[in-house]
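Worksheet for the structure shown next.
There are 2 protein chains.
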Amino acid sequence: MGRPAKTDVAATRNPGRTRERILSAALKEFAAKGFAGARVDAIASRADINKRMLYHYFGDKEGLFKAVLRRKISERQAWAEASSGEPTETLPFWFEAACKDADWVRMLEWEALQNSGQKLIDDKERRATVARGLERIRQRQARGQISSEFDPRDVMLAMRSLTWFPVAFPQLTEMIMGKSVFDPKFQRERAAFLKKFAVAFQPANVQRVKIHFAK
Amino acid sequence: MGRPAKTDVAATRNPGRTRERILSAALKEFAAKGFAGARVDAIASRADINKRMLYHYFGDKEGLFKAVLRRKISERQAWAEASSGEPTETLPFWFEAACKDADWVRMLEWEALQNSGQKLIDDKERRATVARGLERIRQRQARGQISSEFDPRDVMLAMRSLTWFPVAFPQLTEMIMGKSVFDPKFQRERAAFLKKFAVAFQPANVQRVKIHFAK
DNA sequence: GCTTTAAGTAACTTAATGGTTACTTAATCT
DNA sequence: AGATTAAGTAACCATTAAGTTACTTAAAGC
Chain V
0 MGRPAKTDVA ATRNPGRTRE RILSAALKEF AAKGFAGARV DAIASRADIN KRMLYHYFGD
60 KEGLFKAVLR RKISERQAWA EASSGEPTET LPFWFEAACK DADWVRMLEW EALQNSGQKL
120 IDDKERRATV ARGLERIRQR QARGQISSEF DPRDVMLAMR SLTWFPVAFP QLTEMIMGKS
180 VFDPKFQRER AAFLKKFAVA FQPANVQRVK IHFAK
Chain E
0 MGRPAKTDVA ATRNPGRTRE RILSAALKEF AAKGFAGARV DAIASRADIN KRMLYHYFGD
60 KEGLFKAVLR RKISERQAWA EASSGEPTET LPFWFEAACK DADWVRMLEW EALQNSGQKL
120 IDDKERRATV ARGLERIRQR QARGQISSEF DPRDVMLAMR SLTWFPVAFP QLTEMIMGKS
180 VFDPKFQRER AAFLKKFAVA FQPANVQRVK IHFAK
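Those protein sequences? They're chains V and E, same order as listed. According to numbering that gives the first Met the number 0, the first sequence is numbered sequentially starting from 0. According to numbering that gives the first Met the number 0, the second sequence is numbered sequentially starting from 0.
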């Protein structure tokens, strides 16, 4: 029961590079097809590595999926801190970020659909990031940039909704807007709308000033 | 190559009922697991019909998926017409509708993730429904219920975003709000927020009146 | 330099799963 | 009433795809 096993091994080895190749190929495959739809063989050939290595590094398909998510999460985490200021700035900013990294939105969408109430990957870290985000909103409320009429959590959810929905539902967006989400023209126009609409989050007196300026 | 085929056929036949059972079982399975994740055998046993019937009526798995979507679309279509009036009423209304029919939101979410720019199922009818929705928004703008500052399409997309996002991303919602999307308490509170927030869509003078009343 | 460890390869196995074959029988049509 | 059609059943099959086995060889440790 011996196997042939005469090999044309790649001249040099490079565990780091192999791991990296697998992860980035897996992100593409999972973002495109989801967990159930993704094919391990497709990931392997996309990464141009032997399928066996994938099991070597990540145990199984699910382990790989989790690793991909985890990596993206930590990547985004650092990124998330980089925003502050007026809603008229942050809304377009987050919208553009979602457009640029649609794979990230899609990964969370797959997560949303797959997961039925179990514990999430990196739950703790993610909650901590959310908590820091809420804190920043509170600060902006204190500074008068955001209305104190609203619960910070409501504000965060509303902002996420407005900025991510078009990327999460590109087919509905295209139907409503008549343009692809990835059309630069749509992105510019939507950013402009969000900038205008963002006054909804500001305190009433600031709103009135803005409205008077505008007229 | 004969098969045994001694059968315990159900006493009565009922094509309509069988079709219906398959469709409703398939909706549950597809909404829960998506196209790739759904199992034809699971649908058959859930519907308590022979798997063969599923192929008899719908050709193949994809045909069944399309049939399920199509059915839900026409169901929702009629429903969609039933809304009009102030944004302070429609936003909570649509949010509650999304919560009640999470399967529908999930189906569109699966569609969003699967579909990469190909033609959609029932594309024409859906666009027509969107067009009618936009027309209703224009009417409300004319009546002064919605600000004419905004493009109706921007308004529709923003409203969809605000009302559907929590159902589409329950895990993020739970992280931000600390409550499950399906917790009645969350639903009440969110409806209240949306009602308050809806003034953002109203004309500036109406907003000012509301703000003065509130204070 | 020699041993051990870990990266790498190719072929293989096995369970799951979409779809089919071959048949039976209730309902419908003429 | 007899023929035809369509609903229904059970067993089967082919393929796909996750995961393994059995091996090779480059690099790290001593």
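Note that beta-carbon positions come from the ideal geometry of N, C-alpha and C, so glycine has one too. As the structure is a prediction and not an experimental result, all values here were calculated from the model.
Inter-residue spacing [alpha-carbon to alpha-carbon] between residue i and residue j
| i | j | result |
| --- | --- | --- |
| Asn-114 (chain E) | Asp-153 (chain E) | 23 Å |
| Thr-162 (chain V) | Pro-169 (chain V) | 12 Å |
| Val-180 (chain V) | Asn-13 (chain E) | 46 Å |
| Ser-160 (chain E) | Asn-49 (chain V) | 42 Å |
| Pro-202 (chain V) | Asp-100 (chain E) | 34 Å |
| Asp-217 (chain V) | Ala-81 (chain V) | Only positions 0 to 214 of chain V appear in the structure, and residue 217 (chain V) is not among them; the question remains open. |
| Phe-149 (chain V) | Ala-157 (chain V) | 11 Å |
| Leu-119 (chain E) | Thr-11 (chain E) | 38 Å |
| Asp-40 (chain V) | Phe-57 (chain V) | 14 Å |
| Glu-19 (chain V) | Gly-36 (chain V) | 22 Å |
| Lys-32 (chain V) | Ala-43 (chain V) | 15 Å |
| His-55 (chain V) | Gly-15 (chain V) | 13 Å |
| Leu-133 (chain V) | Arg-187 (chain V) | 27 Å |
| Asn-204 (chain V) | Met-155 (chain V) | 21 Å |
| Ala-79 (chain E) | Arg-126 (chain E) | 13 Å |
| Gln-117 (chain V) | Gly-116 (chain E) | 32 Å |
| Arg-142 (chain E) | Arg-131 (chain V) | 42 Å |
Whole-number beta carbon distance between residue j and residue i, since they are thought to touch under 8 Å
| i | j | result |
| --- | --- | --- |
| Phe-192 (chain E) | Ala-199 (chain V) | Not really, about 12 Å apart at Cβ, beyond 8 Å. |
| Gln-144 (chain V) | Pro-86 (chain V) | 7 Å |
| Ala-25 (chain E) | Leu-63 (chain E) | 5 Å |
| Phe-185 (chain E) | Met-176 (chain E) | 6 Å |
| Ala-97 (chain V) | Val-104 (chain V) | 5 Å |
8 Å Cβ shell around residue i - same chain, five flanking residues per side excluded
| i | result |
| --- | --- |
| Lys-27 (chain E) | Arg-45 and Asp-102 |
| Met-106 (chain V) | Leu-26, Phe-29, Ala-30, Val-67, Leu-68 and Lys-71 |
| Phe-34 (chain E) | Lys-60, Glu-61, Phe-64, Trp-109 and Gln-113 |
| Glu-124 (chain E) | Ile-72, Ser-73 and Gln-76 |
| Arg-137 (chain V) | Pro-151 |
| Arg-38 (chain E) | Glu-28 and Lys-32 |
| Leu-129 (chain E) | Note on identity: in this sequence residue 129 (chain E) is Val, with Leu being the wrong assignment. Correct list, in chain order: Met-155. |
| Glu-95 (chain V) | Gln-186 and Ala-190 |
Contacts around residue i, its chain only, beta-carbon distance under 6 Å, and the 5 residues preceding and following it disregarded
| i | result |
| --- | --- |
| Pro-91 (chain E) | Ala-190, Leu-193 and Lys-194 |
| Gln-140 (chain V) | Ser-147 |
| Glu-108 (chain V) | Ala-167 |
| Thr-89 (chain V) | Ser-82 |
| Trp-93 (chain V) | Thr-162 |
| Met-0 (chain E) | Note that Met-0 (chain E) has pLDDT 36, beneath the 50 cutoff, so the model's placement of it is unreliable and no number is given. |
| Asp-7 (chain E) | With a pLDDT of only 47 at Asp-7 (chain E), under 50, the local geometry of the prediction cannot be trusted, and the value read off the model is given with reservation. There are no such residues. |
Own chain residues within Cβ distance below 7 Å of residue i, not counting five before or after
| i | result |
| --- | --- |
| Arg-70 (chain V) | Leu-22 |
| Pro-165 (chain V) | Thr-172, Val-180 and Arg-189 |
| Leu-17 (chain V) | Per the sequence shown, the amino acid found at residue 17 (chain V) is Thr instead of Leu. For Thr-17 (chain V), where only same-chain residues beyond five positions count, the Cβ hits under 7 Å are Ile-48 and Met-52. |
| Arg-135 (chain V) | Ser-83 |
| Lys-178 (chain E) | Lys-184 and Phe-185 |
Complete alpha helix (DSSP H) runs within the stretch 4–44 of chain V (minimum length 4 residues, chain order): Listed in chain order, the alpha helix (DSSP H) runs fully inside the stretch 4–44 of chain V are 14–36, counting runs of at least 4 residues.
field: 4 or more residues per run - each alpha helix (DSSP H) lying fully within the stretch 124–175 of chain V
entry: Fully enclosed alpha helix (DSSP H) runs of no fewer than 4 residues occupy 151–167 of the stretch 124–175 of chain V, in order along the chain.
- request: Starting from the N-terminal side, write out each stretch of the alpha helix (DSSP H) that is 4 residues or longer and does not extend beyond the stretch 34–108 of chain E.
  value: Fully contained in the stretch 34–108 of chain E are the following alpha helix (DSSP H) runs of length 4 or more, in chain order: 39–46, 50–57, 60–79 and 86–99.
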